[in-house]
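Number of protein chains: 2
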Amino acid sequence: MNYRLLSRYLGVLALLIGGFMLLSLLWAFPETGFRTDELLRPHRFEYRGFGALFLSTIISWGVGGLLYFFGAGAPKGIYRREAMAMVGLGWALATVLGALPYLFSGACDRPAVRENQVDASLYIAAPGWSIWRRWVAAPRLAPTEQRIVRALVDAGPVGCSANSLAAFSAVHGADSIIEDIASRPEWHGILLMPGEHAEATPSDRASHYRLAWVPMGIIGALFESQSGFSTTGATVFTNLNDSWLVPHCILFWRASTHLLGGLGIIVLFVVILGQGSAGKALMRAEMPGPTKEGNTARMQHTAWMFGGIYLVLNAVLAILLMLMGVSLFDALCHSFATMATGGFSTYNLSVAHFQGLPGINADAIEYLITFFMFLAGANFLLLYLLACGLYRIVWTDLEFRVYGLILLVLTVIIATTGLVLNDPGFDSVSDAVRISLFQTVSVQTTTGFATADFDQWNNFSRALLLLTMFIGGCSGSTAGGIKVIRYVLLVKILGMELEHSYRPRVVRVLRIGGKPIDDQELRRNILVYFAVLVSIFVVSWLIVVAVEPGSTWDGAEGNKLIDSASAVIASLNNIGPGLGVCGAAQNFSNFCDINKLLFIFLMMIGRLEIFAVLVLFLPGFWRDS
Amino acid sequence: MNYRLLSRYLGVLALLIGGFMLLSLLWAFPETGFRTDELLRPHRFEYRGFGALFLSTIISWGVGGLLYFFGAGAPKGIYRREAMAMVGLGWALATVLGALPYLFSGACDRPAVRENQVDASLYIAAPGWSIWRRWVAAPRLAPTEQRIVRALVDAGPVGCSANSLAAFSAVHGADSIIEDIASRPEWHGILLMPGEHAEATPSDRASHYRLAWVPMGIIGALFESQSGFSTTGATVFTNLNDSWLVPHCILFWRASTHLLGGLGIIVLFVVILGQGSAGKALMRAEMPGPTKEGNTARMQHTAWMFGGIYLVLNAVLAILLMLMGVSLFDALCHSFATMATGGFSTYNLSVAHFQGLPGINADAIEYLITFFMFLAGANFLLLYLLACGLYRIVWTDLEFRVYGLILLVLTVIIATTGLVLNDPGFDSVSDAVRISLFQTVSVQTTTGFATADFDQWNNFSRALLLLTMFIGGCSGSTAGGIKVIRYVLLVKILGMELEHSYRPRVVRVLRIGGKPIDDQELRRNILVYFAVLVSIFVVSWLIVVAVEPGSTWDGAEGNKLIDSASAVIASLNNIGPGLGVCGAAQNFSNFCDINKLLFIFLMMIGRLEIFAVLVLFLPGFWRDS
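For the protein sequence lines, the chains are A and B, in the order given.
The first sequence runs 1362 to 1986 under my numbering.
The second sequence runs 1362 to 1986 under my numbering.
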C-alpha cells in the first residue's frame, strides 16, 4: 500500500473542501441569505455561522497541507487497493471536515427539557465552543423528559405555547424576558409549568420545566455531514425554520455538501486535476452501478460530461425556481438537493412549505421539482445523448424505460389506493396525482423531499414506498439505492435459472437491449451485490432494534420493528425519511447516538460501492502480500 | 412430457394416501382417541369423523384408480421434467385429498357472530354436507362482528362468559338450553347481550348476538392439509380442545399428514415401490438442500435409511412420552409433529397445555420434546453414522456445529434479554432457560410448537425469532427453512468475493470441512436460491398487505406490516406461528381467503425445491421442444 501517495491525494481533497466552504460565507450576509418568506423581515449578519465556516476552512486547509506535505515526493502509480482506500478514507475525511461548520456554529438540533430548575432564567443557545460541553449539554433524554418534549413540541408549530406564556406572565407580572419570548414566534427557550393554567406560586417555580434548544453534538454533526455528502438528506435538525438555531450560511453549507456529494467528490477530483489512470481507478471504486467501461481518455471525458450536465441542470433549475418567485438562497439550496437526489430542504415542511406562501404557485414548483428529480434519477449519459439530439435513444434504452414504467405504475397505484381509502391529502384527483407523483419520484430517485406525511397513508402505500426505497434510480445518475439496471439483470438471470432447472442443456446468453453481455462474472456480481445488501440490512436492523431503547417510541406513533427497518433502509439507500419516528414529519434526532453512528456507516456504504467501505475494516486489505 | 406415466404415478400416490387415511379410523373410538386430560371423561364414538375419513378413503382410492387406469401401459423412462411435474402435482394432489376429511367431518374452525337474531335458538355445529353451504355459512366477518367476537373470545378460556349466561338465565328464568350451556365449559353456541349485566326485556332479544362455531370451508381445509403435509404447523382451528368441534380421529389425521409430509411422500414412494432411477430423479426434486449425490443404489439406500431413522425416532419419542404419563393419542400426535418438525398439537396452548395437568412433569416433557426437535433438525445421515458408533463425526461436521452454535447463542441471548427486560414467563433463571431453549429450537427447526406467547416478549427477541425463522435446520433433515449449510456457503462465498474485490488475481477454492467443492455452479445456485426466496418474500408481503382488510386488526394487538411479514415468513419457511394476529396465541383463521390461498402456495414452495413449484406455472415447462 502506497501510504504516502494516499496521503497526498487526501491532502488535495481536504484543500478542495476547505475552498468550497468559503463559498458558503457569502450567505451569512442579510442581503443574500434569506428565505422566500423572509423577504420583508429584518436580518442581521450571522457572526457565528461566518466564524464557524471560516475556522473550518482554516482547519481543512491545515489538515490538507499537512497531508500533502507528508505525501510529497511519493512514488507514482495508483492501483486498485490504493484507489479503494482513497475513496473510503477520502469520504470519511470529507465527512469529518464537513461536520466542523455545524459544530463550530453551535447550530441547535433538538430541544431538551430540564426539570426542577430552581433558577428560572432562560437558556439561550450558547455559542458553546467547548466540545466537552456539547457532549455534556446534550445527553440522552429520559423517558419522562422525552414525553414532555413531545407534548410541548406538538403544542405549536415550533413547539411554542403562547397561551401558557401569557398566563404565566399574567400571574407573575410583566416579566420582560417572558413577554419578549411570547411575542415572537421564533423563540429559543421557553418556561412552562406542569399544569398550564394552574395558579403559580413562588414554590411552583421549583418544579418548572425548562425547554431549551441544544447545540449539536459531534455525532449529530457527523450525521448531518455524511447525510449531505452521501446525498441521503436525513436530518437531525428538529427546527430548520429558525435562523437563530441554524444560520443561513450553515444551511447553505448543508446544501453544498449535496452538490459535492452528488457530483462525487472524486469525479470532481478527476475533472479538476486530470488524473489519468488514477482517476479511472478512483471512479470505478466510487461510482456505483454494475457497468463501467471505456479507456482512460473516455473515462475523463465521461467525468467532464457528467459534471457539465450536472452543473447546467443545477443552474437551470435554480433559475426556473427564481422565476417562480423563490429567493436566490432557497432556489440554490433546493436545486442542489434536487439534482444530487439529496433532499435537504431549508424548511421543516420540506417542499410543502411553499404551499403556504402568498404569490407563489406551489403546485407548479412541486411539478417542476418532480421533473428535475426525474432527470436526476436518469442516466446522465442518456441525458447527454438527448442533448446531442439523439431522441430515439430514450425509447430504446431498457433501463430508462423500466425506470419510467415503475414510476408510472407506482404513482397510479398510490394515487388510486389513496383516493379509495381516503388518505389524508388525497382530497381530489388532481391533488392525488400531484402528491403521489411527487412522493413516488422523490422516493424512487432517493431524493427524500416530502410534500405530504406519507406515514399517515394506508399501510399498502407505506409498504410500497418502503420497498420502492430499495429500487433507486438509473445507473450513471446521482441517485442512490440498488439501481434499476440491477433489477433488470436480476430478473433476467432468475428467469434463465428457472429455465435451466428443467432444461439443463439449454444455454442462453444474457442480453441487455439486444446486446449480449458475455461476462460470466457479472451474473455472479449482481447476485453477490443483492446478498451483501440484504445481509447488511438484516444485521443493521437487529442492531438498531437491540440498541435503541423503547423510550424512543414513548408518546410517539410508530412500531419499533417497522420504524427501525425503515431507518436502516432509508439510510442504506440514501433516501432520507423513513416511517414512524424517522418519518417525513419527524427526523433522525430521535435515535440514540450509537444508532446514529450506524446510520452514518450505512449512508457511506449506500453511496459508495459496498465493498469499497467494507474492505477498510479488513486487516488483509492493508497488508502487502 | 410423458403424461400417462405421470398419471400412473399420481394414481399410486392417491391410493397410498387413501390407505393411510384408514389408520386414522382407529381413533374415532372412545377407547383409543382420548387426550391426556380426558382420561376420566365420558366419550362417544365419533360418527362424523369416522364417516368423513371413510368417505375420503373411498374418494382417494377412486381418484387413484382412475389415474392409474389412465396411465396403464405408459412408456417407461422418467426424466427431470417428469420428476419435477410429479413432485409438484403429487404434492398438490395430496393437499386436495388430505383436505377431504376436514371438509366432510364438518370440523369447525372459527366462531362467527350473527347480530339482531329474532330467533334466539342456539346454533349447533351442523354436519353440513353441502359444500355450497360451507361457503355461504362462513362468510368474512364484518369489522363490527370481528370486534365482538374478539371481545367474547377474550372473555374466557374458550370464549365462554359464564357470568353473563347466569345473569341472562336469572332474568329470563330457567331456560334449559342456556343453563345447559352455562354448566359445561366446552360449549358450542352462546347467546350474549350487548351489555352483559344489563336488564334484559323481551324486546332486547331482538338485538342479541349469537356466537356460533362455523364448519370449515374449502380453503380452510386446504390450508390445514397443506400445512400438515408441508410440516408447517400453521392452523386455522381456533379451538382444538373441544372434540365436538374437531373430532379426535380428524386430529389424528392432521398429525398423520405431518408424518407423511416429514418423510416426504415421495421418499416413502421410493422406499415402498423401489423405483430405481425414477426414484432418484424424484428425490432430487423433492428433498430440499444444496448437496445431493450418489448413484441409484445409494440413493435408495439413503431413502431407506432416512425412513428407518425417522420412524424409529417417532416410536421412541412416543414411548417416552407415554412413560411420562401422556396418553397414547397425544403421544403419537406430538411425536409425529415433533419428528416432522411440523408443530400441530392437540391443544390450543400447544405443548404448554401439559403445564396445567396433574401428575405430569411438564418441564421434563418440554425438555424431551426440545431434544427430539433438535434431533429432527439435524442431518439424518449424521444420526445414522452416530447410530453406527461414529461419534467423532458430530464434532467434525461443520453444518452440525454451526447448527448447534446458533441454537446455543440464540438461547443465551433470548434468555438474558428476557430476564433483564422482565418479559412475561421469565420469572426465574430456570424458567428463562427452559422457555427460551424450547422456543429457539422450535423456531429454528421450523417446528413451531409454543410453550410461551413469544409475541409478548421484547422487540429484540421478537425480531431475533423472526430472523431465526429464515435459518432452518440442517440439510437432510425434516426441517424447513433455508438450511444452515446454505448460510455456511453464503458466508464463505461472500468472504471470497470481498477478497476478490481488492485482490482480483487471487483464486480460492470453496471448501466445506476441508473438502474442496469444485462445482462452480453451486456458488451461483446458492446465490440464486437466496435471491428467489427474498423476491418471493417481498412480493408475497406486498400482496398480503394489499389484500388483507384493515379490519383484521380491529381490536387486535399487532401491526399490519409486521404481522403480514411474519405470516409470509412463517409459511414460506414452514414454521407455523408468526407474530401478532398469527402469533403463538393466535392462528391463521384471522386472514382472508385470498391470503390463505397465498399461504398454501408459500408452504408448498417452502417444503419443495422452490423451482419445482414455480416451473408448474410456466407454459414452456409443459411444452416439448
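Using N, Cα and C, we set each Cβ at its ideal position, and we do this for glycine too.
With fewer than three CB-CB distances shorter than 8 Å, the stretch 1718–1737 of chain B does not count as touching the stretch 1964–1972 of chain B. Collapsing the DSSP output to three states places residue 1691 of chain A in a helix.
Relative to residue 1586 of chain B, the option among B/1600, B/1605, B/1424, B/1612 whose CA is nearest is B/1612. By a beta-carbon distance limit of 8 Å, residue 1451 of chain B does not contact residue 1421 of chain B. Their separation comes to about 13 Å.
Residue 1876 of chain B is bridged by DSSP to B/1873.
The contact set of residue 1902 of chain B on chain A, defined by CB atoms closer than 9 Å, consists of 1824, 1828 in chain order. Segment contact: the stretch 1766–1774 of chain B against the stretch 1695–1707 of chain B, fewer than three CB-CB distances shorter than 8 Å; contact not assigned. For residue 1576 of chain B, the pairing in a beta bridge is given by DSSP as B/1469.
With a threshold of 9 Å between beta carbons, residue 1704 of chain B makes no contact with chain A.
A direct Cα-Cα distance of roughly 12 Å separates residue 1926 of chain A from residue 1821 of chain B. At least 9 Å separates the CB of residue 1687 of chain A from every CB of chain B.
Taking 4 residues as the shortest admissible run, the stretch 1671–1720 of chain A contains the following complete alpha helix (DSSP H) segments, listed from N- to C-terminal end: 1689–1700. For residue 1458 of chain A, the closest alpha carbon among the candidates A/1406, A/1949, A/1830, A/1582 is that of A/1582. At a C-beta separation below 7 Å, residue 1862 of chain A has these neighbours in chain B: 1972, 1976.
Taking the Cβ atoms as the reference, residue 1694 of chain A lies roughly 15 Å from residue 1407 of chain A, outside the contact range of under 8 Å. Here residue 1760 of chain B carries a helix assignment [DSSP, helix/strand/coil]. Closest option to residue 1442 of chain B, judged by alpha-carbon separation, among B/1409, B/1366, B/1900, B/1418: B/1366.
For residue 1957 of chain A, the enclosing alpha helix (DSSP H) has its first and last residue at 1954–1968. The Cβ atoms of residue 1954 of chain A and residue 1580 of chain A lie closer than 9 Å to each other. The contact set of residue 1923 of chain B on chain A, defined by CB atoms closer than 8 Å, consists of 1920, 1922, 1923 in chain order. Of the candidates B/1948, B/1683, B/1843, the residue whose Cα lies closest to the Cα of residue 1811 of chain B is B/1948. Secondary structure note for residue 1734 of chain B: its alpha helix (DSSP H) is the uninterrupted segment 1723–1737.
Burial of residue 1469 of chain A is indicated by the presence of at least 16 other C-beta atoms within 10 angstroms of its C-beta. Put simply, of B/1729, B/1795, B/1668, B/1932 the residue whose alpha carbon is nearest the alpha carbon of residue 1744 of chain B is B/1668. Taking 8 Å as the upper bound on Cβ-Cβ separation, chain B lies near residues 1441, 1442, 1445 of the stretch 1434–1465 of chain A. Unbroken alpha helix (DSSP H) runs of no fewer than 4 residues, entirely contained in the stretch 1864–1949 of chain B, are found at 1881–1908, 1921–1933, following chain order. Proximity to residue 1802 of chain B across B/1912, B/1729, B/1777 peaks at B/1729, based on C-alpha coordinates. Among the residues facing chain B, residue 1896 of chain A is included, as its CB has a counterpart in that chain under 9 Å away. Approximately 6 Å separates the beta-carbon atoms of residue 1593 of chain B and residue 1937 of chain B; this is inside 8 Å, confirming the contact. In chain order, 1921, 1925, 1952, 1953, 1956 place their CB closer than 8 Å to the CB of residue 1909 of chain A, counting only its own chain and leaving out the 5 sequence neighbours on each side. The Cβ-Cβ distance between residue 1711 of chain B and residue 1855 of chain A does not fall below 9 Å.
Under the three-state reduction of DSSP, residue 1435 of chain B is assigned to coil, being neither helix nor strand.
In chain order, 1921 place their CB closer than 8 Å to the CB of residue 1911 of chain B, counting only its own chain and leaving out the 5 sequence neighbours on each side. Contact note: residue 1820 of chain A reaches chain B through 1906, 1911, 1921, 1922, using a C-beta cutoff of 8 Å and chain order.
Residues are counted here when their Cβ sits less than 8 Å from a Cβ of chain A; for the stretch 1846–1860 of chain B these are 1851, 1854, 1855, 1858, 1859, 1860, given in chain order.
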